[in-house]
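S.K.: Numbering-wise, the sequence shown is residues 14 to 196 according to this note's numbering.
For each residue, glycine too, the CB sits at the ideal point set by N, CA and C.
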Amino acid sequence: MKNTNEQEFIREYNQVYGEIVSLERKKRGLTLEQLSSGIMSRTTLEKVEKGAAQWTKVEGDTLMLRMGIPPEYFESLASGDELERWRLREDICLLIPGRPEEAAAVIGNYREKYKKRGSLEEQFLLKSEVILMLEQQKATAGETSAAILDVALQAVSCTVRDGWGKGLHPYVFHRGSWRRSCW
């Protein structure tokens, strides 16, 4: 269990960070729904702005990036678990270009170790898999374009609400398992 000083620090930090997010959001004329869409629920963002909810570093950084603010301007805290996940995702990025088999193994291990993942994490893993599939297709003519597109559509659906594909020409993609929800 966290000690009282650490809990107090986190509470105060959450309040200050939440105030910054709220001020920046309002300054840019964004609604709670617009800023939170695909990152967290509107209610959670409202609680973050009030300092009443905890968020992950990835969520905090993504909120700032969505507002056009480099995340290093307002550093968000990361727990030990978040840092471990971050490092594994970094490893995946570094392995993909030169050692795709190892990257695929790390992705598999990541999925096995962290069964509960947020939409941004799942999107990262799916995008990484698409890149690996494209590289494999280029090298061996292995995966079909439809299978690769299906995984790419799953990645998009992690942070873009249902209905985003309406209006796309029906021959652009086939509807497969991409509807699997990341929410």
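So, helix, strand or coil for proline 83, using DSSP?
M.R.: In the structure shown, proline 83 sits in coil (DSSP, three-state: anything other than H, G, I, E or B).
S.K.: Once DSSP output is grouped into helix, strand and coil, what is the label at valine 173?
M.R.: Three-state DSSP puts valine 173 in coil, outside helix and strand.
S.K.: Count the other CB atoms within 10 Å of the CB of arginine 24; is the residue buried (16 or more) or exposed (fewer)?
M.R.: Answer is exposed; the Cβ neighbour count stays below 16.
S.K.: Of all the CB atoms in chain B, is at least one closer than 9 Å to the CB of lysine 140?
M.R.: No chain B is present in this structure, which holds just one protein chain.
S.K.: Expressed to the nearest angstrom, what Euclidean distance is found between the alpha-carbon atoms of isoleucine 109 and glutamate 115?
M.R.: Cα-Cα distance, rounded: 8 Å.
S.K.: Of the residues Pro83, Ser54, Ile161, which one's Cα is nearest the Cα of glutamine 150?
M.R.: For the residues Pro83, Ser54, Ile161, the minimum Cα distance to glutamine 150 belongs to Ile161.
S.K.: Between the C-alpha atoms of aspartate 163 and phenylalanine 22, what's the straight-line distance to the nearest angstrom?
M.R.: Taking the straight line joining both Cα atoms gives about 44 Å.
S.K.: For the alpha helix (DSSP H) holding tyrosine 123, just list the boundary residues, first then last.
M.R.: Note, tyrosine 123: alpha helix (DSSP H), 113-126.
S.K.: Does the stretch 29-39 touch the stretch 47-63, meaning 3 or more C-beta pairs lie closer than 8 Å?
M.R.: Touching, yes.
S.K.: Roughly how far, in whole angstroms, is the beta-carbon of glycine 73 from the beta-carbon of serine 132, given that I think they are within contact range, below 8 Å?
M.R.: Wrong, their Cβ atoms sit about 14 Å apart, outside the cutoff.
S.K.: Mark threonine 69 as exposed unless 16 or more other C-beta atoms lie within 10 angstroms of its C-beta, in which case mark it buried.
M.R.: When all chains shown are included, threonine 69 counts as buried.
S.K.: Rounded to whole angstroms, how far is the Cβ of glutamate 142 from the Cβ of isoleucine 120, which I believe are closer than 8 Å?
M.R.: With 8 Å as the limit, glutamate 142 and isoleucine 120 qualify as a contact, their Cβ atoms being about 6 Å apart.
S.K.: My output table needs one value for glycine 64: the three-state DSSP class, helix, strand or coil.
M.R.: The answer is coil: DSSP assigns glycine 64 none of H, G, I, E or B.
S.K.: Which whole-angstrom value describes the C-beta separation of arginine 41 and methionine 80, a residue pair presumed to lie in contact below a C-beta threshold of 8 Å?
M.R.: At roughly 6 Å, the Cβ-Cβ gap stays under 8 Å, so arginine 41 and methionine 80 are in contact.
S.K.: Do you know whose CA, among Glu95, Glu59, Pro84, lies nearest lysine 129's CA?
M.R.: Of the listed residues, the one whose Cα sits closest to lysine 129 is Glu95.
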